[in-house]
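Enquirer: -17 is the number of the first residue of the sequence shown in this note's numbering; add one for each residue after it.
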Amino acid sequence: MLRIRKLYSEPQVFDPISFKDGINLILGETTENNVKTNGVGKSMAVEFINYGLLKRHEESRVSLIPNEAFPYSTLICLDFEINSKPITIKRSIENHKCPILMAGGKTIPFTDIEDATSYLTTLLFGSANDESIPSFRTMMGPLIRDERSEFKSIIKCFDTNRNIPPDYTPHLYLLNIDPKPYKQVKALWGEIDKIGKAISKAKENIAAITGKNVSEAKADLNELTSQVTRIHQEIERLENIEGYDIVKDEIIEIERQLEEFRSRQAVIKTELSKIKLFRGDNYIDEDEVAELYNQFKAGLGDLIKKQIEEVTAFKKRIDNFQKTLVDGRRKELEDSLKDIDLNIIRLDRIYREKLFLIDQKGALKNLRQTIATYQKKVEDHASLSAFIKKHADYEREKKEKANERDGLVFLLDSFVTNSSDVIDSLEQTILDIHEVVAGNRQSSFEVEITKKKEVVKFELRICDDGSHSNEREKVFIYDLGLLTNAEIGRRHPGLLIHDNIFDVDYDTLLRSLNYLGDSERTLAQKQYILTLNSDKIYEADIHSRLRLDLEGLKRAAFTKTTRFLKVNYQELSL
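1. Mark residue 507 as exposed unless 16 or more other C-beta atoms lie within 10 angstroms of its C-beta, in which case mark it buried.
2. State the Cα-Cα distance for the pair residue 432 and residue 394, rounded to the nearest angstrom.
3. By Cβ distance, which residues of its chain are closer than 7 Å to residue 527, with the 5 residues on each side in sequence left out?
4. Would you mind sorting residue 525 into buried or exposed? The rule is 16 or more other CB atoms within 10 Å of its CB.
5. Mark residue 257 as exposed unless 16 or more other C-beta atoms lie within 10 angstroms of its C-beta, in which case mark it buried.
6. For residue 411 versus residue 476, is the C-beta spacing smaller than 8 Å?
7. Please report the Cβ distance between residue 571 and residue 148, rounded to the nearest whole angstrom; I am assuming they are in contact, meaning their Cβ atoms lie under 8 Å.
8. Roughly how many angstroms lie between the CA atoms of residue 56 and residue 75, to the nearest whole one?
9. Whole-angstrom Cβ separation of residue 36 and residue 119, contact assumed at under 8 Å?
10. Which runs of the beta strand (DSSP E), 3 residues or longer, sit entirely within the stretch 495 to 522?
11. Please determine if the stretch 516 to 523 and the stretch 541 to 551 are in contact, where contact requires at least 3 C-beta pairs separated by less than 8 Å.
12. At the level of alpha carbons, what is the spacing between residue -9 and residue -16?
13. Among all the DSSP beta bridges, which residues are the ones paired with residue 429?
14. In three-state DSSP terms, what is residue 416?
15. Please report the residue range of the alpha helix (DSSP H) in which residue 78 lies.
16. Mark residue 520 as exposed unless 16 or more other C-beta atoms lie within 10 angstroms of its C-beta, in which case mark it buried.
17. So for residue 123, helix, strand or coil by DSSP?
18. Give me, in chain order, the residues of the same chain whose beta-carbon lies closer than 7 Å to that of residue 456; leave out the 5 immediate sequence neighbours on both sides.
19. Helix, strand or coil: how does DSSP classify residue 480 here?
20. Could you pull out every unbroken alpha helix (DSSP H) segment of at least 4 residues lying fully inside the stretch 139 to 208, listed in chain order?
21. By Cβ distance below 6 Å, which residues in the same chain neighbour residue 565 in space, the five residues on each side in sequence not counted?
22. For residue 61, which beta-bridge partners are listed by DSSP?
23. Residue 168: which of 254, 211, 79, 383 sits nearest, CA to CA?
24. Grouping DSSP H, G and I as helix and E and B as strand, with all else coil, what is residue 55?
25. In this structure, does DSSP put residue 471 in helix, strand or coil?
26. Is residue 381 near residue 181, with beta carbons less than 8 Å apart?
27. Expressed to the nearest angstrom, what Euclidean distance is found between the alpha-carbon atoms of residue 132 and residue 483?
28. Where does residue -17 fall in DSSP's three states?
29. DSSP three-state label for residue 540, please.
30. Identify the continuous alpha helix (DSSP H) that holds residue 10 and give its terminal residues.
31. Since residue 401 and residue 159 should fall inside the 8 Å C-beta cutoff, what is the C-beta to C-beta distance between them, to a whole number of angstroms?
32. What is the rounded straight-line gap between the Cα of residue -4 and the Cα of residue 88?
33. Suppose the cutoff is 7 Å on Cβ atoms and the five residues either side in sequence are ignored; what does the same chain contact list for residue 425 look like?
34. In terms of residue numbering, what span does the alpha helix (DSSP H) encompassing residue 31 cover?
35. Here's the rule I'm using: 16 or more other beta-carbon atoms within 10 Å means buried, otherwise exposed. How should residue 92 be labelled?
36. Note down the Cα distance separating residue 315 from residue 322, rounded to an integer number of angstroms.
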């Protein structure tokens, strides 16, 4: 049992609000000079109640109040009862993680909001570590729905902008269905999703190595295994030959020297080919030039010939010098090349002799290359084998988790079957309410368990389903059904707060309020807090058609001139 008794602050910033058992109204009213009733503080009063009941600071509109409107050091105080035990919680915006709880004459300062929540869970349900019960704050979800949920769903109780997944835990608990397997199935779905991502990653790694899918890669792995085994056997056979290690090292050293000589050989041949392109004996024929120019002017050709002879003589001296240098370099390179060729021939002969000692069958033509190939094959085999094994392990784990999930789904379904009497009883209560507010019993309620991620499906149908107005009315009917049903009352805390739920057509509003008025005796042992704009009801109907005593049930009323926090302010941006 949970009851709200008083909301106030220390020091006093807003007028205290006292609550009673039964119906409690927080009204938005008009004034002579202002007919508007929105934005006067009704919803904020509910937020303060929820804040006192340890709603997360970052999820509460209280966190958006500027310090000038409500000093952050001010204590928001809430007197309430859990199972007839008086409790007071004091919490400030400044130290929102450290509420102070007073119960049984003791003051308990908390340094962590989770510890305080666990304490309240224990007080309300007897334990805070039992998976078969919801936490205190989880239960508050459907009991104090966020106005920003827009009342679109009987399960989704929070701000639609926050995309919080639906949580059936409190609803199952109220229907006497153990929510433990539901929680376990939800956790398994999370694990299965993680495994699914790991499987995708393993597939990507396998494709990166082989360019193939998993099935094709397994065939590649078998071939790679065969290759590694075959090469390994050849190397092992060689290692068993006496003196193998000595000969092996000598062969590897010869291979290294051969590579070095062949590299130098290639460089020298390249340089020699460039030298052969050099020719310094291209000279002009002086007699031809003299004969040509003497045709134009006598003696001109002879003069030019003499000058060319002088230039040519100088060029020949230079060319002879260069030729001497080039010829020297050519001879040096040719001698080096000859030595290298002889060394290659010598090393190649020794290499064949050494290799013959360990490879009489000619299986290995290049020892170092073979060892390198073997090492590469081993690395590829290890990588591919590891990824394929991981993929197989993940697939097996996913299957095991899926089987475990299916078993829990079956168990949960059996719990639903065992609680069919409670579900049927709630449906009858819903039909009774529906008959009053809609004028017929064209409604139904059922609980279905599925293997889908949501796991549970609550199907509530009412007359003219689908419209914005009817979705709100559906939530009203469902919540009041839970609150007033005798079977569910054994587990229900007995508290329900609706903040601006009646954004519905006028006839539905009037019939819903009349249902509340007619149910005052039933609700006397519960507590129902409702925020309502009084201008939604025609003045004439207040004294004639309306059977709910607005004045008698009013616990607080706010107007544009008498707001909840007594000031007009703009909420801080997120």
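Heads up, the beta-carbon is just placed ideally off N, CA and C, and yes, glycines get one too.
Expert: Looking at the atomic coordinates:
1. exposed
2. 10 Å
3. 492
4. exposed
5. exposed
6. no
7. Because the chain here runs from -17 to 556, residue 571 falls outside it and cannot be looked at.
8. 7 Å
9. 6 Å
10. 509 to 515
11. no
12. 21 Å
13. 440
14. helix
15. Taken as a continuous stretch (DSSP letters only), residue 78 belongs to no alpha helix (DSSP H), as it is neither H nor E.
16. exposed
17. helix
18. 136, 442, 444
19. strand
20. 151 to 156, 162 to 192
21. This structure gives no information on residue 565, because the portion of the chain shown stretches from -17 to 556.
22. -12, 70
23. 383
24. coil
25. helix
26. no
27. 8 Å
28. coil
29. strand
30. That residue, residue 10, is in no alpha helix (DSSP H); its beta strand (DSSP E) goes 4 to 10.
31. 5 Å
32. 26 Å
33. 412, 413, 416, 443, 444, 445
34. 24 to 34
35. buried
36. 10 Å
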